[in-house]
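>
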Amino acid sequence: QTLRDRIVSRSLSYVQSVDGPPLPSLGVIYLKNMVTQHWSEGDGTSTETPVNNIPEEDRQFIRDNIVEAIIHSPELQLTTCIHHMIKHDYPGKWTAIVDKIGFYLQSDNSAGWLGILLCLYQLVKNYEYKKPGERSPLVAAMQIFMPMLKDRFIQLLPDPSSESVLVQKQIFKILYALFQYNLPLELINRQNLTEWMEILKTVVDRDVPPETLQVDEDERPELPWWKCKKWALHILARLFERYGSPGNTTKEYTEFADLFLKGYAVAAQQVLLKVLYQYKEKQYVAPRVLQQTLNYINQGIAHAVTWKNLKPHIQGIIQDVVFPLMCYTDSDQELWEEDPYEYIRMKFDVFEDFISPTTAAQTLLFTSCNKRKEVLQKTMGFCYQILTEPTSDPRKKDGALHMIGSLAEILLKKKVYKDQMEFMLQNHVFTLFRSELGYMRARACWVLHYFCEVKFKSDQNLQTALELTRLCLINDNEMPVKVEAAIALQVLISNQEKAKEYITPFIRPVMQALLHIVRETENDDLTNVIQKMICEYSEEVTPIAVEMTQHLAMTFNQVIQTGPDEEGGDDKAVTAMGILNTIDTLLSVVEDHKEVVPLFVAAALERLTREVKTSELRTMCLQVAIAALYYSPPLLLNTLENLRFPNNTEPITNHFISQWLKDVDCFLGLHDRKICVLGLCALIDLEQRPQAVNQVAGQLLPAAILLFNGLKRAYACQAENENEDEDDDEDGEEDEENGTHAGEDGDDEDWDEDDAEETALEGYTTAVDDEDNLVDEYQIFKAILQSKETTFQAHKASDGSSS
């Protein structure tokens, strides 16, 4: 028996006795790694046993003991194990898991309930995202378990202890995973739906133990009582939104939707209105509980039966729940002061929006004002009252403007309001740019962003909006204000015809400010802003294109210093991609402006003056100048004549050409050799050669021949690879029959790796690589030599006749 086998067996043998010690962590981690990496038996195409395969007797031992291990020690590593085992073995090799789960679910030993529910949860999670036709093994199992879960829940309801509520929460998590994307109607009938709805309403309605108020407010959402409520509301909101909302469901749920709306939706709504009343009365409600409550209420606005029940309460909800949620809060202030960059990240994080009560409140506000016309009028009256009250708390004004901005799409379509919006901006928003409160200046920018499509009757008002926003972007000392100003300025320019002309004289400081903010915040929304500004001002950014690219490159390097596993790594990956896209946009905008060529050549050749550790980097820098030579020989030569190395008065031309010819054997792959040949062709074809070219004239043809030899091999290698790709499907079938895999025979022709290698620049398609307008370097070289020969013969004949 191998050491691995002994560890696997010994890890699980600890649980064979109920009274045994908890599993040793290292053993559990080893077991998890073995199962996740090696439980799958592969795709069956190989006749060889995998090196790290787990023997069947070990597999059976693990199957026989894993459930008890989780019951005894419900560790994350063990639930990960059973998830992978179910994925590969159920139902084919492990139908016994259903019997075992059923046995422990019905057991009177409450100590095992949480562990067995974790096992059942992993069974359900394996089928959570599968199509209905692929879920039959799960549905068959749940027909057994659903009555057990219901009975167990009803038994636990009177027990308010944390242990009991944790088990209740786990049952809800199982139901949510079961129902999230598919509702198996064979598991639902009027009787059990009624019983489950009563359970859900009871959990939402019951009081949380008063001693939980002693817990720090930031930690309360993690308490089992609030988590249990959260999952109950998750289920209610999901049932209503996806399956219980007539007109919004797929046809198989039509009957269920009608049943849910008429039989259950209003009763549940009544319970949820009590949750909102608690929040209104300043009682603590966990944020996710509030968010899901608002989501459910929002769903009921569109349906007559639920709206009839909701209508008397809606104005109170908007004023006493939605409005406070949309005001600037103490926690906002604390975060702004302690970490403004985290404040920005939180405000622009789409995942935060997904779980935020503020976003849920904003959605409810929009739906109610959009679907129910009387709500809009009362809401706007409420907001205007706050805005026009001289002594209003600034935070209340912030909330009122937040509400009005959230309704901008509706207001700009309503004749009665759209003509008033310019007046609203002039009288209630422009003045806030002078506020001493940073959050009010940020809100002013935010409102201009959302009202960017206002039809300004006064050019002066448009200019004022642009000037105030521009000054905030450039001069404000609060970073969250700058970010809002950046976005507002860009959308105003994109949506207001006259705005572009007004900002044109300031485009350089504006772009510099945007680049600085991206560097400071690493915010992906701002890379999109820069891209759009580049497209709007392509002529104006051309002179500063190199400076911008260098700045973006430094920001990119800063962003990628964070490893992929570090906190925020995913966000940084998105930002890094945004920066690359911005550079790409910048290059595409300036590519038709020949005046930028000297700037890029200078930047590349300047890099050659510093230490270059690899020939790859050296050839890349040289290729920038060679490509410029191919594009326009006079432009490149003139640029070289005007460039100087540090502490050197001689032009750079001689050094560039000698370095190029010295490194000609370092150009590898197909693209790099091709551009190098085209550059040599341009030198040979010059009518008036500079002295630096004449000095190396004898080296040009040998260099070209060396490159053509490499190109011949590279083209042959490319053709062979393309043929292999075309034959892949046929070869794959043949390999399966013969039990072989591509590359196993080792009989491939021994090509030089450099010929097949794709260089760093190879992946980028340039003008010379365009298959529709292919540049044939062989024909160009031949034509130039023939032209030179003709010219030479003509000169020779002319000289002969003269003599």
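For what it's worth, this note's numbering labels the leading residue of the sequence shown as 13, then goes sequentially. Glycine residues also receive a C-beta, built at the ideal position from the N, C-alpha and C atoms.
Please state whether DSSP places PRO610 in a helix, a strand or coil.
It is helical.
> Looking at the secondary structure, which residues open and close the alpha helix (DSSP H) in which LYS239 lies?
Here the alpha helix (DSSP H) through LYS239 covers 236–250.
> List the DSSP bridge partners of ARG656.
Per DSSP, PRO663.
> Does the pairing of the region 369–377 with the region 325–335 give three or more beta-carbon distances under 8 Å?
Segments in contact, yes.
> Give the straight-line distance between the Cα atoms of ILE529 and MET436, rounded to the nearest whole angstrom.
So the alpha carbons of these two residues sit roughly 29 Å apart.
> For LEU611, which residues from the same chain have a beta carbon less than 8 Å from its beta carbon, with the 5 sequence-adjacent residues on both sides left out?
Excluding positions up to five away in sequence, the list reads ALA557 and VAL558.
> Round the Cβ separation of THR626 and PHE657 to the nearest angstrom and send it over; I've been treating them as touching at under 8 Å.
Actually they do not touch by this definition, with Cβ atoms about 21 Å apart.
> Taking only the alpha-carbon atoms, compute the straight-line gap between THR661 and CYS633 and give it to the nearest angstrom.
Between THR661 and CYS633, the C-alpha separation is close to 22 Å.
> What separation, rounded to the nearest whole angstrom, lies between the Cα atoms of GLU765 and GLU628?
Its pLDDT being 47, under 50, GLU765 is placed unreliably by the model, and nothing is read from it.
> Considering only the alpha carbon of each residue, which of LYS408, PRO352, SER418 and ARG407 lies closest to ASN382?
Nearest option by C-alpha distance: SER418.
> Select from TYR133, ASP675 and GLN703 the residue whose C-alpha is nearest the C-alpha of LEU718.
Among TYR133, ASP675 and GLN703, the Cα nearest to that of LEU718 is on ASP675.
> Whole angstroms are fine: how far does the CA of ARG254 sit from the CA of ILE515?
Distance between the alpha carbons of ILE515 and ARG254 is about 47 Å.
> Quick one: complete alpha helix (DSSP H) runs, 4+ long, within the region 459–502?
The qualifying runs are 471–487.
> Any idea what DSSP makes of ILE422, helix, strand or coil?
In the structure shown, ILE422 sits in a helix (DSSP, three-state: H, G or I).
> Verify the contact flag: TRP208, CB atom, against every heavy atom of the ligand SAM, threshold strictly below 8 Å.
The ligand SAM is absent from the structure shown, which contains no ligand whatsoever.
> State the Cα-Cα distance for the pair CYS339 and ARG384, rounded to the nearest angstrom.
Rounded to the nearest angstrom, the two C-alpha atoms are 23 Å apart.
> With distance defined between alpha-carbon atoms, name the residue in GLU532, LEU150, PHE394 and LEU129 nearest to ASN138.
Of GLU532, LEU150, PHE394 and LEU129, the residue nearest in Cα terms is LEU150.
> Does the Cβ of ARG202 have 16 or more other Cβ atoms within 10 Å, making it buried, or fewer, making it exposed?
Exposed.
> Evaluate contact between the region 34–53 and the region 94–107, counting only Cβ atoms and requiring at least three cross-stretch pairs below 8 Å.
The answer is yes - the region 94–107 touches the region 34–53, with three or more Cβ pairs under 8 Å.
> Just verifying my parser: in three-state terms, what is the DSSP assignment at PRO103?
Coil.
> Excluding the five sequence neighbours on either side, which residues of its own chain have a C-beta within less than 6 Å of the C-beta of GLN562, listed in chain order?
Around GLN562: no qualifying Cβ.
> May I ask which residues mark the beginning and end of the alpha helix (DSSP H) holding GLN524?
GLN524 -> alpha helix (DSSP H) spans 519–533.
> Measuring straight from C-alpha to C-alpha, what distance separates ILE326 and ILE499?
Each residue's alpha carbon lies about 33 Å from the other.
> Could you check if GLN49 is buried or exposed, using at least 16 other CB atoms within 10 Å of its CB as the buried criterion?
Answer is exposed; the Cβ neighbour count stays below 16.
> Does LYS808 pass the burial test, meaning 16 or more other C-beta atoms within 10 Å, or should it be called exposed?
Looking at its Cβ environment, which holds fewer than 16 other Cβ atoms inside 10 Å, LYS808 is exposed.
> Measure the alpha-carbon distance for LEU288 versus VAL317 and round it to whole angstroms.
Cα to Cα, the separation comes out at about 20 Å.
> In chain order, what residues of the same chain lie with their CB nearer than 6 Å to the CB of ALA754, ignoring the 5 residues before and after it?
Residue placement at ALA754 is flagged as unreliable, the pLDDT there being 37, under the threshold of 50; the coordinate-derived value follows with that caveat. Nothing listed; no residue qualifies.
> Does DSSP put CYS633 in a helix, in a strand, or in coil?
Correct three-state label for CYS633: helix.
> Could you pull the start and end residues of the alpha helix (DSSP H) that VAL705 belongs to?
703–706 is the extent of the alpha helix (DSSP H) around VAL705.
> Does the Cβ of GLU421 have 16 or more other Cβ atoms within 10 Å, making it buried, or fewer, making it exposed?
GLU421 should be labelled exposed.
> How would you call ARG147, buried or exposed, if buried means at least 16 neighbouring beta carbons within 10 angstroms?
Buried, since its Cβ has 16 or more Cβ neighbours within 10 Å.
> With distances taken between CB atoms, is the gap from LEU251 to LEU190 smaller than 9 Å?
Contact: no.
> Taking the alpha helix (DSSP H) that LEU135 falls in, what are its first and last residues?
That run of the alpha helix (DSSP H) goes 125–137.
> Under the three-state reduction of DSSP, which class applies to CYS678: helix, strand or coil?
Residue state, collapsed to three classes: helix.
> Across the region 543–555 and the region 505–520, are there enough close Cβ pairs to call them in contact, namely three or more that are closer than 8 Å?
The region 543–555 is in contact with the region 505–520.
> DSSP on THR626, reduced to helix/strand/coil?
Three-state DSSP puts THR626 in coil, outside helix and strand.
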